[in-house]
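UniProt numbering applies: residue 1 is where the sequence shown begins, and numbers increase by one.
By construction, the Cβ of each residue, glycine as well, lies at the ideal position given by its N, Cα and C atoms.
Note that the structure is predicted; figures quoted are calculated from it, not measured.
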Amino acid sequence: MALTIAVFCYSVYNNFMININLIIYLEQLKIIYLQKI
Numbered sequence: 001m002a003l004t005i006a007v008f009c010y011s012v013y014n015n016f017m018i019n020i021n022l023i024i025y026l027e028q029l030k031i032i033y034l035q036k037i
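Right under this line is the structure:
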């Protein structure tokens, strides 16, 4: 049971980190795009 919870928390944490990186990446693209105009 504890192992299942640990795996679940780990996958949630990984998804969270991936989402944060994606948001940062999109923000940087938006800044670059706005600077070109």
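1) Would you report the Cα separation of Glu27 and Cys9, rounded to the nearest angstrom?
2) Using the C-alpha atoms, what's the distance from Leu3 back to Ile20?
3) Between which two residues does the alpha helix (DSSP H) carrying Met17 extend?
On the basis of the coordinates in this document:
1) Counted from its first residue, the sequence shown places residue 27 at position 27. Counted from its first residue, the sequence shown places residue 9 at position 9. So the two alpha carbons sit approximately 27 Å from each other.
2) Counting from 1 along the sequence shown, the entry for residue 20 is found at position 20. Counting from 1 along the sequence shown, the entry for residue 3 is found at position 3. Their Cα atoms are separated by approximately 26 Å.
3) The residue labelled residue 17 in the question sits at position 17 within the sequence shown. Its alpha helix (DSSP H) spans residues Ala2 to Lys36.
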